[in-house]
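Numbering (the numbering used here), first residue to last: 128 to 229.
Just so you know, even glycine gets a beta-carbon here, dropped at the ideal spot from N, CA and C.
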Amino acid sequence: AMFDSEVVRIEPGAIKVKNNGSGDTAKLENDFVFALTGYHPGAELVSGCGAKIDSETLAPEHNPDTLETSVPGLYVAGSMVAGNNNNKVFIENSREHGKKII
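So this is what it looks like as structure tokens:
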């Protein structure tokens with residue numbers, strides 16, 4: 128995966144990708160390009176409710192046993208639990224979130 132990057136050019140057989148942090152570019156050969164949306168957690172909703180958000184990961188501070196945030200009665204579930212660390216939460220390990228909350 129190339130996080131914090133964007134495709135800046137699509138060519139026959141290759142794409143050019145720019146890292147937004149470093150500004151470095153890379154040309155990657157490919158057979159096909161599938162235009163999909165990137166993932167960036169929307170922390171605005173829970174932060175707007177007063178929950179503390181980790182500025183680096185965008186994950187809300189929460190109790191891992193109950194998934195309750197720093198705001199009593201406000202819970203997070205699914206990929207919102209991990210913020211930018213979307214490689215930590217999958218269907219397999221997040222389907223129990225509802226049981227933790229209830």
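Just to confirm the assignment, what range does the beta strand (DSSP E) spanning Asn212 have? Element bounds for Asn212: n/a, residue is neither H nor E.
When Ser206, Asp192, Glu195, Ala153 are compared against Thr184, the one with the closest alpha-carbon: Ser206
Using the C-alpha atoms, what's the distance from Ala162 back to Val208? 26 Å
For the alpha helix (DSSP H) that contains Glu219, what are its first and last residues? 218–221
Anticipated Cβ contact below 8 Å, Val203 with Pro191, distance rounded: Actually they do not touch by this definition, with Cβ atoms about 11 Å apart.
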